[in-house]
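Chains as they are written, first to last, in the numbering used here: chain A, 1 to 373; chain B, 1 to 348.
Note that the Cβ used here is the ideal one computed from N, Cα and C, for glycine as well.
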């Protein structure tokens, strides 16, 4: 908005703010009322969360204090909330797996990493992460039923989006194809998936699907949930990609073809980079949405972050500290979502700086193709 | 929006499962074959369906399952493998449990399922022995001065969604010609805050749950569980039909802790009973053959169960008893010799 940068000291900014807030008598009254309302909301919360909170001890200490938050509960249960049913002595393993996935996501978020190596990094990173979580080759095997907490939430989101992305592009291209078969197929997939709630699919996948399988054969619940998230992410991403493709003027494709590039090459080097760039903000909101929607897997008895928080407050020794549990889990979700949103803003600003009109002057290589010389 | 979808989906699911139920029994009538046991041995672990609930099944700080139901599952693992860890716990909600069992995902349910005739007859399940006697009761504020359920005429009663609690309430009110105003709550937390805030006069649910609910209140001592039980909730393990040998194993493993308590054998003194001369105890502990030979288990499985999991009193006290925050009274779950209902057929 304001490209012209006015150099101001911090104090003059505060002075400007005060001046604006108390410019006229009515403005002053509004300001005072707003401050009073904010204080009325903040003070009881602060009293509960900080002043009267119990930080150490056990449930009886917390119940004695009674009026404040019981952070002793969170201190005590943080390990379980973060890692769920994973054996306590082995919690470093999901820790490492989660760190690998976060590193992959952070790396993917950096435009300078958008090279062909990214795919290899994902393949390697995922293999290592799943191996560390699952075990084998000398490392004790931990079945997926015991995976849980934050690593599962991160895994479902990251793998869901990473897996859904190429599928989504394929679906978007299919939907815009002139050939009837790919177009009908892609349209059907996207519309059906977007028309059905994720929760219903999880139910069917986990409760009805096993009844149809031969006796004794069972498919891993976490695997099914992950597959469902990938399919859903692909359908939602496909629509975002398609809206990006609509925005690319058809003459770009014509120009590419006229230069002697094939259809795939034109797509890969000209159309897709521009389309994907335009819709990056909607990718970010899809990502935030899926990060939170993974908590739906509680339905099928998996212990994601939200479910471990709930479960922690059912421990007979710490019964009923649901508020603290959900505040803790909520804070983690908030940090994750806020980080994603901030990244989205940063990316938009960076793109705008490259080209203020948000139009492509230089093809940005998002695909695995080498950047044009 | 999501709620609507959920309801629709549940309806669809109910339709699917009820259709699938008659044909869905993966074991069929095996005529002496025991596919469940074969599968358990091949997998090296029992798969036990549970439902989370304080004292009955909750993960502890280290992520290990603990609780009354959990211990009975561990008893099975000890009987089969002499190792309380050789069991996988599959948590279910109340809606999911039966399709989980039906599909063969678990070998049994030990999740607080009440035996009812329609469940036994319509759903092709068998129930094991009753291992917990419960009944629906009321939690009220002491200030209300109510000492029995019939004094709650005209009261607003909070109940949880998706249970038979409301039906039992209506039956009880009609029988006693009083009126209740049931308020259905999304979950227990909402009910607790409604009771604390005075929006409900009472909470009604199963007795064991009431003790738990009471500890969730900020001032538990201001509330009291009324002595009335307005329903019978006999809790038993559930297995699929058509696998009699597996059903017998579940039967006798669930009875062993009760019989052990009757003999006075507990986790601490079990070792001393190796030298006992009492013939019935010797048979029970497998020191003399004959009592449970047909089950195909280790001859000393009862001893292992008592040593590694405990007798009924050990299991109850550890998870629900007065030494725990739940402090549930044994009530009906005392031995028949102490005025309760627990009675094991003889191991002979």
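For residue i, is the classification buried or exposed, using 16 other Cβ atoms within 10 angstroms of its Cβ as the cut-off for buried?
i	result
residue 110/A	exposed
residue 52/A	exposed
residue 251/B	buried
residue 35/A	exposed
residue 29/B	Bear in mind that the predicted position of residue 29/B carries a pLDDT of just 38, short of 50, making it unreliable; the figure below should be weighed with that in mind. Label assigned to residue 29/B: exposed.
residue 158/B	buried
residue 19/A	exposed
residue 113/B	buried
residue 304/B	buried
residue 259/B	buried
residue 142/B	exposed
residue 16/A	exposed
Less than 7 Å between C-beta atoms, sequence neighbours within five positions excluded: which residues of the same chain meet that for residue i?
i	result
residue 282/A	240
residue 22/A	28 and 31
residue 134/A	141 and 142
residue 52/B	58 and 91
residue 307/A	298
residue 150/B	176 and 178
residue 154/B	179
residue 309/A	81, 325, 326, 328 and 329
With a CB to CB cut of under 8 Å and the five nearest residues on each side skipped, what residues in its chain are close to residue i?
i	result
residue 219/A	209, 210 and 213
residue 340/A	284, 287, 288 and 291
residue 324/A	69, 70, 71, 73, 74 and 313
residue 230/A	159, 160, 163, 164 and 167
residue 199/A	296 and 299
In this structure, does DSSP put residue i in helix, strand or coil?
i	result
residue 109/A	helix
residue 88/B	strand
residue 202/B	strand
residue 333/A	helix
residue 151/A	helix
residue 10/A	helix
residue 236/B	strand
residue 293/A	helix
residue 66/B	strand
residue 145/B	coil
residue 337/B	helix
residue 51/B	coil
residue 24/B	Confidence in residue 24/B is poor, its pLDDT being 35 and thus under 50, which makes the residue's placement unreliable; the coordinate value appears in the next sentence. Residue state, collapsed to three classes: helix.
residue 54/A	strand
residue 157/B	strand
residue 142/A	coil
residue 182/B	strand
residue 247/A	helix
residue 129/B	strand
residue 187/A	helix
Who are the near neighbours of residue i in its chain, counting only those whose CB is closer than 6 Å to its CB and skipping five residues on each side?
i	result
residue 83/A	91, 94 and 149
residue 247/A	278
residue 182/B	157, 159, 166 and 169
residue 97/A	129, 132, 133 and 151
Inset, instruction - Could you tell me whether the region 327-346 of chain A touches the region 67-81 of chain A, using the rule of 3 or more Cβ pairs below 8 Å? - result: yes
Legend entry - Meets three-Cβ-pair contact criterion under 8 Å: the region 160-170 of chain A and the region 224-241 of chain A: yes
Legend entry - Cβ contact check for the region 118-133 of chain B and the region 86-94 of chain B: 3 or more pairs under 8 Å: no
Inset, instruction - Compile a chain-ordered list of the residues in the region 81-106 of chain B whose CB is closer than 7 Å to at least one CB of chain A. - result: 88, 90, 91, 92, 96, 99, 102, 103, 104 and 105
Legend entry - Proximal residues, the region 35-53 of chain B versus chain A, C-beta separation under 8 Å: 35, 39, 52 and 53
Legend entry - Residues, ordered as in the chain, of the region 58-69 of chain B that lie near chain A by beta-carbon distance below 7 Å: 58, 59, 60, 61, 62 and 63
Legend entry - Contact between the region 341-348 of chain B and the region 278-291 of chain B (3+ Cβ pairs under 8 Å): yes
Inset, instruction - Mind the definition here: the region 67-84 of chain B touches the region 129-137 of chain A only if three or more C-beta pairs lie below 8 Å; say whether that holds. - result: no
Inset, instruction - Check distances from the C-beta atoms of the region 21-47 of chain A to those of chain B and list, in chain order, the residues that come in under 7 Å. - result: none
Legend entry - Contact list for the region 84-104 of chain A against chain B, Cβ threshold 7 Å: 84, 85, 86, 87 and 88
Legend entry - Residues, ordered as in the chain, of the region 314-328 of chain B that lie near chain A by beta-carbon distance below 9 Å: 319, 320, 324, 325 and 326
Inset, instruction - Please list the residues of the region 57-80 of chain A that have a C-beta atom closer than 8 Å to any C-beta atom in chain B, keeping them in chain order. - result: 59, 63, 66, 76, 77, 79 and 80
Inset, instruction - Would you check if the region 36-46 of chain B and the region 195-212 of chain B touch, i.e. whether three or more CB-CB distances between them fall below 8 Å? - result: no
Inset, instruction - Pair every Cβ in the region 265-273 of chain B with every Cβ in the region 306-315 of chain B, then say whether three or more of these pairs are closer than 8 Å. - result: yes
Inset, instruction - Taking a Cβ distance cut-off of 7 Å, strictly less, list which residues of the region 296-327 of chain A are near chain B, in chain order. - result: 301, 311, 314, 315, 316, 317, 319, 320 and 322
Inset, instruction - Examine the Cβ distances between the region 210-228 of chain B and the region 132-151 of chain B and report whether three or more of them are shorter than 8 Å. - result: yes
Inset, instruction - Inspect the CB distances between the region 234-249 of chain B and the region 98-112 of chain B and report whether three or more fall short of 8 Å. - result: yes
Legend entry - Members of the region 148-162 of chain B that neighbour chain A once the beta carbon cut-off is set at 7 Å: none
Legend entry - Contact set between the region 117-148 of chain A and chain B, restricted to residues whose Cβ is under 9 Å from the partner: 143, 145, 146 and 148
Legend entry - Residues within the region 208-239 of chain B neighbouring chain A, beta-carbon criterion of under 7 Å: 212, 215, 216 and 218
Legend entry - Interface residues of the region 160-182 of chain A facing chain B [CB-CB below 9 Å]: none
Legend entry - Residues of the region 188-213 of chain A whose Cβ lies closer than 7 Å to any Cβ of chain B, in chain order: 197, 199, 200, 203, 207, 208, 210 and 211
Inset, instruction - Report the residues of the region 183-206 of chain B with a CB closer than 8 Å to any CB of chain A, ordered along the chain. - result: 189 and 192
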